[in-house]
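J.: I'd like to ask some things about the structure below.
Number of protein chains: 2
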Amino acid sequence: MSFPAPRHNHRHCIQKAMNTAEEKSKACGLRLTEIRRRVLEILWQSHIPLGAYEILDLLPDDGRRPAPMVVYRALDFLMEAGLAHKLSSRNAFIGCSDPSHDHEAQFLICDECGTAAEVEAKPIAKAVEATAASAGFQVHQHVVEISGICPNCLPQT
Amino acid sequence: MSFPAPRHNHRHCIQKAMNTAEEKSKACGLRLTEIRRRVLEILWQSHIPLGAYEILDLLPDDGRRPAPMVVYRALDFLMEAGLAHKLSSRNAFIGCSDPSHDHEAQFLICDECGTAAEVEAKPIAKAVEATAASAGFQVHQHVVEISGICPNCLPQT
DNA sequence: TACATTTTGTTATATCATAACGTTTAATGC
DNA sequence: GCATTAAACGTTATGATATAACAAAATGTA
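Chains A and B supply the protein sequences, listed in that same order.
In this note's numbering, each residue's number is its place in the first sequence (first place is 1) plus 453.
In this note's numbering, each residue's number is its place in the second sequence (first place is 1) plus 453.
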């Protein structure tokens, strides 16, 4: 829920994410195939959102570079499965930090280091709902992407 | 502040928007040139956000279609001047409905008819600020785009 | 095994956006 | 007014992001 610290043990993040993904897939009858798993692993190499073509570049190159389609399909699956999110304001993708339940997420994205943190802020969701309701608007989804400077990049006081 | 009604007199919207733009430009020493004015007029043809290439298609075709660059430059100017906004979740652009003052806007976008309404919802902005603050994050900008069904497209009760 | 469904591989193409550079137009100082 | 400078525009090229369509392979199921 808080912003990822500069030198946390990121192995834990990766391991937790992959374990959760495996479990959720098994539990829900989703097919977390090799390519999908590899894309998810790449997303979890850091807390910095990646573009589809960056992911493509990071895919192990077994002699031949796969087509973009391959990555987009994997991303579609991961998003559908609630294992990844798209950041529209950056055309980039990031692993979901809490796939255990369906939720509307919001994002804090650092302009300095590129790190993005997923938050689940009830007050934002409520304010969004209230605003929509007062306009007679029925919400399906919301995109909330907040950019600025993360605590790690802010000059220390 | 409320959602545009299905058959409001849209001429008023256009006229008001263009007048405001002229005034603001004059007041602020901005150069609302021919091409910029035409792009703004096109944006205001409806309350439906348009892609850059749609705008291009709607530019009067004086024998020869201008390059995309022309539209993107005009859009950059209009956004810089606070006369238009980009909807990141759609890669589309829309005229600003209240250029009179700087503000953080949020958008309600109908999945059915495509109409988008700009709102300036203080509670959302506050919730965003509070959420960021509690993570030690300093906000520069926020993108809030809410999609769903607008009151005009909701089945009448 | 046979069949249906899902996933993958592959080619092609659509869509969105900017770099770079030369020319034209407009603002500024004299 | 006229030279100088800055801003805007035209144009070509290219980069970046994303999807359509169809055949082949893998998987689930009877």
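Glycine is no exception: its CB is placed at the ideal position from the N, C-alpha and C atoms.
Computed from a prediction, not measured in an experiment: that's the story for all the values here.
May I ask which residues mark the beginning and end of the beta strand (DSSP E) holding H595/B?
T.: Q591 to I602
J.: For the region 469-530 of chain B, which segments carrying the alpha helix (DSSP H) assignment without a break, of at least 4 residues, lie completely within its bounds, in sequence order?
T.: 487-496 and 505-511
J.: L536/A and E598/A - do their beta-carbons sit closer together than 8 Å?
T.: no
J.: Secondary structure at H554/B, three-state DSSP: helix, strand or coil?
T.: Residue state, collapsed to three classes: coil.
J.: Is the number of C-beta pairs between the region 524-532 of chain B and the region 486-500 of chain B that are closer than 8 Å three or more?
T.: Using a C-beta cut-off of 8 Å, the region 524-532 of chain B makes contact with the region 486-500 of chain B, since at least three inter-stretch Cβ pairs fall below that distance.
J.: Would you kindly report the start and end of the unbroken alpha helix (DSSP H) that includes E582/A?
T.: Start and end: K575 to S587.
J.: I'd like the span of the beta strand (DSSP E) that includes L561/A, first residue to last.
T.: Q559 to C563
J.: Would the region 550-558 of chain B count as touching the region 583-594 of chain A if we require 3 or more Cβ pairs under 8 Å?
T.: no
J.: Can you grab the Cα-Cα spacing for the pair G482/A / I547/A, in whole Å?
T.: 23 Å
J.: Quick one: any contact between the region 572-586 of chain A and the region 455-470 of chain B, if contact means 3 or more CB pairs under 8 Å?
T.: no
J.: Helix, strand or coil: which one does DSSP assign to H461/B?
T.: coil
J.: Just checking: is the beta-carbon of I547/B within a distance shorter than 8 Å of some beta-carbon in chain A?
T.: No, because no Cβ of chain A sits closer than 8 Å to the Cβ of I547/B.
J.: Taking beta-carbon pairs under 9 Å, can you tell me which members of the region 470-482 of chain B lie near chain A?
T.: none
J.: Is the region 496-508 of chain B touching the region 565-573 of chain B in the sense that three or more CB pairs, one from each, lie closer than 8 Å?
T.: Taking a cut-off of 8 Å for Cβ pairs, the region 565-573 of chain B and the region 496-508 of chain B touch, as three or more such pairs fall below it.
J.: Please classify S455/A: is it buried, with 16 or more other beta-carbons within 10 angstroms of its beta-carbon, or exposed?
T.: exposed
J.: Considering only the alpha carbon of each residue, which of E557/A, A534/A, E533/A and I562/A lies closest to N544/A?
T.: I562/A
J.: Taking buried to mean at least 16 other C-beta atoms within 10 Å of its own C-beta, is H538/B buried or exposed?
T.: buried
J.: Pick from N605/B, A470/B and A580/B: whose alpha carbon is nearest that of E565/B?
T.: N605/B
J.: Is L485/B closer than 8 Å to E494/B when the C-beta atoms are compared?
T.: no
J.: Below 6 Å CB to CB, which residues in the same chain sit around S600/A once its five sequence neighbours on both sides are set aside?
T.: Once the five neighbours on either side are set aside, the close Cβ partners of S600/A are I562 and D564.
J.: Show which residues of chain B have a CB atom less than 7 Å away from the CB atom of L451/A.
T.: Because chain A spans 454 through 610 in this model, residue 451/A falls outside it and cannot be assessed.
J.: Between A580/A and A580/B, how many whole angstroms is the CB-CB distance? I'm expecting something under 8 Å.
T.: Indeed, because the Cβ distance is near 4 Å, the residues count as touching under 8 Å.
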